[in-house]
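Protein chains in written order, with our numbering: chain A, 1065 to 1224; chain B, 1065 to 1224; chain C, 1065 to 1224; chain D, 1065 to 1224; chain E, 1065 to 1224; chain F, 1065 to 1224; chain G, 1065 to 1224; chain H, 1065 to 1224. Using N, Cα and C, we set each Cβ at its ideal position, and we do this for glycine too.
Protein chains: 8
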Amino acid sequence: LVGLVMGSDSDFAVMSAAAQTLRDFGVAHEVQVVSAHRTPEKMLDYGRSAQSRGLKVIIAGAGGAAHLPGMLAAMTTLPVVGVPVPLGLLDGLDSLLSIVQMPAGVPVATVSIGGAKNAALIAIKILATSDDTLRQRLEDYSVQLADLVEQKNRDLQTRL
Amino acid sequence: LVGLVMGSDSDFAVMSAAAQTLRDFGVAHEVQVVSAHRTPEKMLDYGRSAQSRGLKVIIAGAGGAAHLPGMLAAMTTLPVVGVPVPLGLLDGLDSLLSIVQMPAGVPVATVSIGGAKNAALIAIKILATSDDTLRQRLEDYSVQLADLVEQKNRDLQTRL
Amino acid sequence: LVGLVMGSDSDFAVMSAAAQTLRDFGVAHEVQVVSAHRTPEKMLDYGRSAQSRGLKVIIAGAGGAAHLPGMLAAMTTLPVVGVPVPLGLLDGLDSLLSIVQMPAGVPVATVSIGGAKNAALIAIKILATSDDTLRQRLEDYSVQLADLVEQKNRDLQTRL
Amino acid sequence: LVGLVMGSDSDFAVMSAAAQTLRDFGVAHEVQVVSAHRTPEKMLDYGRSAQSRGLKVIIAGAGGAAHLPGMLAAMTTLPVVGVPVPLGLLDGLDSLLSIVQMPAGVPVATVSIGGAKNAALIAIKILATSDDTLRQRLEDYSVQLADLVEQKNRDLQTRL
Amino acid sequence: LVGLVMGSDSDFAVMSAAAQTLRDFGVAHEVQVVSAHRTPEKMLDYGRSAQSRGLKVIIAGAGGAAHLPGMLAAMTTLPVVGVPVPLGLLDGLDSLLSIVQMPAGVPVATVSIGGAKNAALIAIKILATSDDTLRQRLEDYSVQLADLVEQKNRDLQTRL
Amino acid sequence: LVGLVMGSDSDFAVMSAAAQTLRDFGVAHEVQVVSAHRTPEKMLDYGRSAQSRGLKVIIAGAGGAAHLPGMLAAMTTLPVVGVPVPLGLLDGLDSLLSIVQMPAGVPVATVSIGGAKNAALIAIKILATSDDTLRQRLEDYSVQLADLVEQKNRDLQTRL
Amino acid sequence: LVGLVMGSDSDFAVMSAAAQTLRDFGVAHEVQVVSAHRTPEKMLDYGRSAQSRGLKVIIAGAGGAAHLPGMLAAMTTLPVVGVPVPLGLLDGLDSLLSIVQMPAGVPVATVSIGGAKNAALIAIKILATSDDTLRQRLEDYSVQLADLVEQKNRDLQTRL
Amino acid sequence: LVGLVMGSDSDFAVMSAAAQTLRDFGVAHEVQVVSAHRTPEKMLDYGRSAQSRGLKVIIAGAGGAAHLPGMLAAMTTLPVVGVPVPLGLLDGLDSLLSIVQMPAGVPVATVSIGGAKNAALIAIKILATSDDTLRQRLEDYSVQLADLVEQKNRDLQTRL
């Protein structure tokens, strides 16, 4: 259901959090290294065939002059979620601007710098618009997040 | 199906492009001014009740310390699309960072600074994951975009 | 008298300096983990009940799309002091802009990135506007700061 | 009760909003042009004598290498609220950083770039910590803000 | 010899300076609107066929999430010169970073924000590496630049 | 054929990637430390004599107020490729702007921050405009890049 | 005594304030358009001959990749004062970084973006280290600045 | 002759390079920790008395909201050289803007972030405008810099 792609295998250090979250929610997905610049033909085929292969959402992570999310968005009408991967310099500001500042007509749904987990959650929220089981899991997840904060709060009290 | 909210009526100068695009695609929507800071209770109610009122996606635009998209995302499991509205200073960089840099667990799908049209397109793409009519309209739209570029290219040739 | 809250227990590494300073000045305070995004209802209750529970000032620290200080400021008429907590990327610039760029009507008194000690000092200065004992302690503190600089100056002379 | 100072009379275009808000809330105040760089002795006297002259809060606005708020904070134990005034270039980013990034021990409560109205509101919130009449006016103001948003929302509905 | 492409006809306001400079140096060129995002297939064909159609250099201008220069560089071994076109916000900083921060292996030779004339000059310098007539014209141009500065200097003297 | 210069021998940590790439492609080159600020006369001689000594392209790397690429571009009609070298602070943003923002008439073909390998590839692409052997090697290199991505993709699959 | 140079005659709109201030203080000076990039030989001669021609300080203004101040500093042991001239984009941030971030050994005394008047004042302060008449004029100027602030303060009081 | 001051003894890690350079050139100097914010009275006395105590130039280093150089410049007509000291966050960009963006009338001669050695060289260049011995030492230093580059170039050749 979800195609998870990244421009380089080194991006997997960041992007693995998206794969993990999809697994946690039981969402079928594939993971591919697809480079806009080094394998442009493959990237285009990936975008073109995504819907017919049964994908419903694409998550794409890239860094620097990060063109992968935007180019995939140009090749398909599926929603594309973009993850700005921070490289060694500029703290991912270049990645963020390269992904989020798309022209009118071809959007990328962008998450925070390095925010691969949140990209997975957006994909899940999208799928949940027509899947009540997933919707329920999101509700549960939200309760767990709150519980975790409460637990941490209690732990903090004991440390004061 | 789509809730379109903004923090101030002055944001409508930017956000009206989203309303227009939703109309163009024939997607039912409502428009509300909801301020995270000035009407927090209303904002929270809006988020809490969104799903039960039949909304499937929320588009939220805000500027400066733009908290509306993120707070709505905290109140609902629906996907929230955030539009950084540029104010008079900093060119919307503050709006962008306030919206996109959400913590793990509570994502906002962010578009470009001032990118209200693209926010509508993301909402439509989300709805199209379970609506083939909308999917087809997105395909048509994509062809129109390409045709428009070709037309502009021909016009440019005559001007050279 | 002072409510000291933060969005995540990991912020305590920064925010503990505020707790320490309040202790040093003998100012009663409480410490809570309250997340605008993960425990929004609790956050709102915290803001709504702050004054009636006897708080006079709130100090709130948060990082990234830091909405906690601004949302608390929306829920209470108490002064809210905001601490931009730096996360791993962008050096806290996102935190700073998310906190300081509040819209007209709902201010947050913002301190430097990571400036938790200064947040406590602002809270103390606020309380000192109607507490001469605290005012005197601030005067003493100011003398101590100057003495410390002088001591360091003398130490430096010996090292030259 | 409130001393409202600015580095140059040209800053009054921004800072007059603070004076207006203080008038609206019926808070006694004085307005002075005091330059950290051009009239340093006067600035220092202003800071030194502020408390004995009956001031409880100082609001200071300045632009560029904006040293006035920080230097006043160095001369008094009163709370100092800083307003970064945007000059013709850099959109006030230099003013913001020069004011907010104060060292530990000498804080300035900073508001948004050009946020003079919010500086006045922080001053009023500070005074309200020991003045129930002002507290009530802040509550009323908060209701008015919400009403205004609602009114604007209704107006927007008629325009759709 | 030179392919001059841009993502939108609105970019021609900036890019026309490149066309003019190529004309001034008598260098054959074509001008096309080719959008990486709206006409991706055409863009790819353009890159793939560039060399066989006799082009030696490509100049590509684009703004925002500017992917055109980098994607063309991915499709051809010809040198690609990128022009960051400034849009209405951020002064072209997003365009610059989207173009210049290419990954190792797929470079774009980037010029200043809005520097279309310089892009043409780089193309001419590239062609001149194997064309002595062009080399001579560059030498003459360089002398003219110096003469122009001298003329302006003399004019300034009369104004003092 | 290619002159590879840098402002300081400490830049060689970055610039050695350019030398390696030129070696890999079998392109004759020289390496020199030439400082615009510390050896200005040598720098000027280098630029003036570059063409007559048989160079066809110059690659210049520098950091901070990086004047070497631009000054060489002022002294020769050869194409100059600039590499912004990141120093210990600002992540090379100062280097980038100092190199890329050249005035009309005197361009520097700029690559990414630290992008020495890409600078070499631009030089090779320039030479390849009149050298079919090099052109073929660039084609081969491009295929290798794609193969490498595919290999990494396969490796990633085994790790999932 | 003072050489006032700029990279382009268009910089004179900013730099004329330096000429005016030097005139006001009765300091002999010359004004020249000298381009680091378009007239490099002249620029170098200017730097080399500056001291022997009797200059004691050089003021150099330039914008964008602003190399003029730094290159003059490389050619002479005279103090060079640099003025970052803002061009149409980036508000002079590129000019500032290109001028101020000089490497160890070759400093440029940099003033604010567009701060030509202050550059002249630094030149005058330098000359005043060995000229008591100039020193006295600086003292008088300082008094006038303070008087002007006081006058503006009185004017503001009447407007309140 | 030279007063070398810094806002905190921790700045000495950066500022010691200035002391070393002054020693290398045999220039008499004193070193003091003087804090604009923690010892404002001492700072003001330092500025007021600097000239009468025989100082000719002041070098001031400070970080963050770095007010020391500008405030000293407000208290004396001596030239003040400012060193932006980088703190743990923002890479000294806040320090730079707080020091360099001084208002018209009260300049600070600013060097690069962390550029203490260059601050000393500016002070020496200032003194050398009326001291031929120092002028000669600057000439010698300039030759040494060039020789050092040449030496490093030769070393690099052996490593290739």
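Relative to Pro1167 of chain G, the option among H:Pro1171, H:Pro1167, H:Ala1168, H:Gly1178 whose CA is nearest is H:Gly1178. Here the alpha carbons of Thr1140 of chain B and Val1069 of chain B stand approximately 14 Å from one another. Secondary structure remark: continuous beta strand (DSSP E) runs of at least 3 residues inside the region 1106-1167 of chain E, in chain order: 1121-1127, 1144-1149. Val1207 of chain H sits in a helix when the DSSP states are folded into three classes. Residue range 1066-1070 is occupied by the beta strand (DSSP E) that includes Leu1068 of chain G.
In this structure, the beta-carbon distance from Ala1129 of chain E to Gly1134 of chain A falls below 7 Å. For Val1097 of chain D, the enclosing beta strand (DSSP E) begins and ends at 1093-1097. For the region 1163-1194 of chain C, residues whose beta-carbon sits nearer than 9 Å to a beta-carbon of chain B comprise Ile1163, Val1164, Gln1165, Met1166, Pro1167, Gly1169, Val1170, Val1172. Under the three-state reduction of DSSP, Ala1173 of chain B is assigned to strand. Taking 7 Å as the cut-off, the beta carbon of Gly1156 of chain H is found no closer than this to the beta carbon of Leu1160 of chain F. Ser1099 of chain F and Val1147 of chain G have their C-alpha atoms spaced approximately 23 Å apart. Neighbours of Leu1142 of chain A in chain B, taken as residues whose beta carbon is under 8 Å from its own, are Lys1189, Thr1193 in chain order. Close partners of Asp1158 of chain C in chain B (Cβ separation under 8 Å): Leu1161, Ser1162, Gln1165. Contact check for Pro1104 of chain F and Ile1186 of chain E: beta-carbon distance about 25 Å, past the 8 Å limit, so the pair fails to qualify.
Sequence-distant Cβ neighbours of Gly1071 of chain F in its own chain, meaning closer than 6 Å and more than five residues away, are Ser1099, Ala1126, Leu1132.
The alpha carbon of Ser1206 of chain H has as its nearest neighbour, out of H:Leu1220, H:Asn1217, H:Gln1221, H:Lys1189, the alpha carbon of H:Lys1189. Segment contact: the region 1088-1097 of chain E against the region 1213-1222 of chain D, fewer than three CB-CB distances shorter than 8 Å; contact not assigned. Annotation for Phe1089 of chain B: no alpha helix (DSSP H) segment contains it, and DSSP assigns it neither H nor E. Cβ contact annotation for Pro1171 of chain C (same chain, cutoff 7 Å, sequence separation greater than five): Ala1137, in chain order. Nearest in C-alpha terms to Lys1216 of chain H, of all of F:Gly1111, F:Gln1096, F:Ala1083, is F:Gln1096. In this structure, the beta-carbon distance from Ala1114 of chain A to Ala1184 of chain A does not fall below 7 Å.
Close partners of Asp1155 of chain F in chain A (Cβ separation under 7 Å): Leu1153, Leu1154.
The Cβ atoms of Ser1194 of chain F and Ser1074 of chain E lie no closer than 7 Å to each other.
A distance below 8 Å between beta-carbons, with the five flanking residues on each side excluded, links Leu1198 of chain H to the following residues of its chain, in chain order: Phe1089, Val1091, Ile1188, Leu1191, Ala1192. Counting along the chain, the unbroken alpha helix (DSSP H) around Leu1185 of chain A starts and ends at 1180-1192. The beta carbons of Val1175 of chain E and Val1078 of chain E sit no closer together than 7 Å. By the neighbour-count definition (other C-beta atoms within 10 Å, threshold 16), Ser1162 of chain F is a buried residue.
Interface flag for Pro1133 of chain H against chain F is unset, since no Cβ pair is found closer than 7 Å. With respect to chain A, the C-beta atom of Met1139 of chain E has a partner C-beta closer than 7 Å. Residue D:Lys1181 holds the alpha-carbon nearest to the alpha-carbon of Gln1084 of chain D among D:Lys1181, D:Gln1200, D:Asp1211, D:Ala1210.
Taking 7 Å as the cut-off, the Cβ atoms of Val1121 of chain E and Val1164 of chain E do not count as close. In this structure Ala1173 of chain D touches Ala1173 of chain C by the C-beta definition: roughly 3 Å separates them, less than 8 Å. Residue contact with chain D for Leu1065 of chain C: absent (no Cβ-Cβ distance below 7 Å to any residue of chain D). Between Asp1204 of chain C and the set D:Leu1108, D:Gly1169, D:Gly1111, D:Ser1080, the nearest pair of CA atoms involves D:Gly1169.
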